[in-house]
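As structure tokens, the structure follows; a few thoughts come after it.
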Amino acid sequence: MLLRHSLVLFAALGSLAGIRAADDPTGSLAGVVDLTPDNFDKYVNGAKDVLVEFYAPWCGHCKHLTPEYKKLGAAVAASPALKSRVTIAKVDADAHRSLGERFGVGGFPTLKYFHRGKPVSEPADYSGARTQQGFTDFIEKALAADTGFARVASLDSLASLFPDSKTPQKVYDDLKAKVAKLTDKTEKSAGDIYLKYAQKAVDKGNEYFGTEKSRLERLLESGKVGASKIGEISQKLSVLSAFEKVKAAVEE
Numbered sequence: 035m036l037l038r039h040s041l042v043l044f045a046a047l048g049s050l051a052g053i054r055a056a057d058d059p060t061g062s063l064a065g066v067v068d069l070t071p072d073n074f075d076k077y078v079n080g081a082k083d084v085l086v087e088f089y090a091p092w093c094g095h096c097k098h099l100t101p102e103y104k105k106l107g108a109a110v111a112a113s114p115a116l117k118s119r120v121t122i123a124k125v126d127a128d129a130h131r132s133l134g135e136r137f138g139v140g141g142f143p144t145l146k147y148f149h150r151g152k153p154v155s156e157p158a159d160y161s162g163a164r165t166q167q168g169f170t171d172f173i174e175k176a177l178a179a180d181t182g183f184a185r186v187a188s189l190d191s192l193a194s195l196f197p198d199s200k201t202p203q204k205v206y207d208d209l210k211a212k213v214a215k216l217t218d219k220t221e222k223s224a225g226d227i228y229l230k231y232a233q234k235a236v237d238k239g240n241e242y243f244g245t246e247k248s249r250l251e252r253l254l255e256s257g258k259v260g261a262s263k264i265g266e267i268s269q270k271l272s273v274l275s276a277f278e279k280v281k282a283a284v285e286e
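Numbering-wise, the numbering used here comes out as the position in the sequence shown, counting from 1, plus 34.
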């Protein structure tokens with residue numbers, strides 16, 4: 035009888051330990067980057083969207099959040115389209131108080147969203163549902179709103195002329211001239227994508243934009259694209275939208 039009770043107690047303690055491990059915010063989570071003062075600026079630098087959880091190991095609400103954050107990390111890691119544009123991260127703000135103080139963290143958990151292209155010193159406070167779906171919905175809306183991703187404003191104005199232009203070759207020539215004047219390396223790289231698609235439109239007509247967009251989206255969804263190509267495809271899709279968005283507006 036004593037042995038039976040001992041085995042039951044051992045099993046119960048093992049189960050409890052398993053639950054505690056699953057809820058431990060300090061544990062390594064697949065798809066979630068652990069930030070410290072040494073690597074924070076490497077990941078949070080305005081080049082990519084980043085969702086950061088500032089937590090304390092002893093915080094009950096942080097432990098409750100861990101399973102949902104774990105699911106979020108796994109979901110983003112499994113989605114090429116999301117993985118190429120957003121990083122999910124967490125930081126022990128009790129152990130690394132300098133990071134908590136840097137961003138005005140006054141309680142745990144605090145979730146902040148750092149938008150691509152905006153000052154790191156001005157993150158947005160996340161106040162939505164603390165569930166995997168709530169986080170995902172927020173991220174997808176943020177990415178959709180980032181119309182400047184991989185885009186060049188001065189080239190967008192010319193790209194917008196294609197859908198309604200009766201002289202696409204002239205628009206292409208003007209676009210080519212503007213790209214030639216770009217001096218920023220990143221903008222010049224994006225400019226080459228604009229030119230490629232503009233030339234295709236001259237050769238094949240504006241229907242090419244929609245066809246190419248569908249093709250690239252299917253590639254991302256297939257999961258067969260190498261990691262090095264995911265970011266490139268995301269950039270191409272963004273540039274294509276410079277042509278397509280205005281096209282939709284003209285058709286309306």
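We treat Cβ as the ideally placed atom computed from N, Cα and C, and that holds for glycine.
Proximal residues to residue i (C-beta, below 7 Å), its chain only, five neighbours per side dropped
i, result
"residue 150", "80, 81, 82, 83, 180, 183"
"residue 91", "59, 60, 126, 128"
"residue 110", "65, 116, 117, 120, 122"
Same chain, Cβ closer than 6 Å to residue i, five either side skipped, listed in chain order
i, result
"residue 195", "205"
"residue 47", "Only weak support is given to the placement of residue 47: the predicted model assigns it a pLDDT of 44, under 50, and the question is left unresolved by the model."
"residue 120", "83, 173"
"residue 169", "106"
Of the residues the options, the one placed nearest residue i, counting alpha carbons only
i, options, result
"residue 274", "128, 63, 243", "243"
"residue 93", "66, 143, 164, 187", "143"
"residue 101", "72, 166, 263, 111", "166"
"residue 251", "233, 270, 235", "270"
"residue 258", "171, 112, 137, 74", "112"
"residue 203", "134, 235, 190", "235"
7 Å Cβ cutoff met for residue i and residue j
i, j, result
"residue 87", "residue 124", "yes"
"residue 157", "residue 175", "no"
"residue 213", "residue 192", "no"
"residue 130", "residue 70", "yes"
"residue 96", "residue 103", "no"
"residue 272", "residue 185", "yes"
"residue 114", "residue 216", "no"
"residue 122", "residue 85", "yes"
"residue 164", "residue 106", "no"
"residue 209", "residue 187", "no"
Cβ-Cβ separation, residue j to residue i (assumed contact under 8 Å), whole Å
i, j, result
"residue 56", "residue 108", "With 8 Å as the limit, residue 56 and residue 108 do not qualify as a contact, their Cβ atoms being about 13 Å apart."
"residue 154", "residue 66", "No, residue 154 and residue 66 are not in contact; Cβ-Cβ is about 19 Å, not under 8 Å."
Sequence-distant residues of the same chain with beta carbon closer than 8 Å to residue i, five excluded per side
i, result
"residue 222", "213, 216"
"residue 132", "71"
Runs of 4 residues minimum, wholly inside the segment 223 to 260: which ones carry the alpha helix (DSSP H) assignment?
241 to 256
Could I get the ranges of all uninterrupted beta strand (DSSP E) runs contained in the segment 129 to 196, with 3 residues as the minimum, in chain order?
144 to 148
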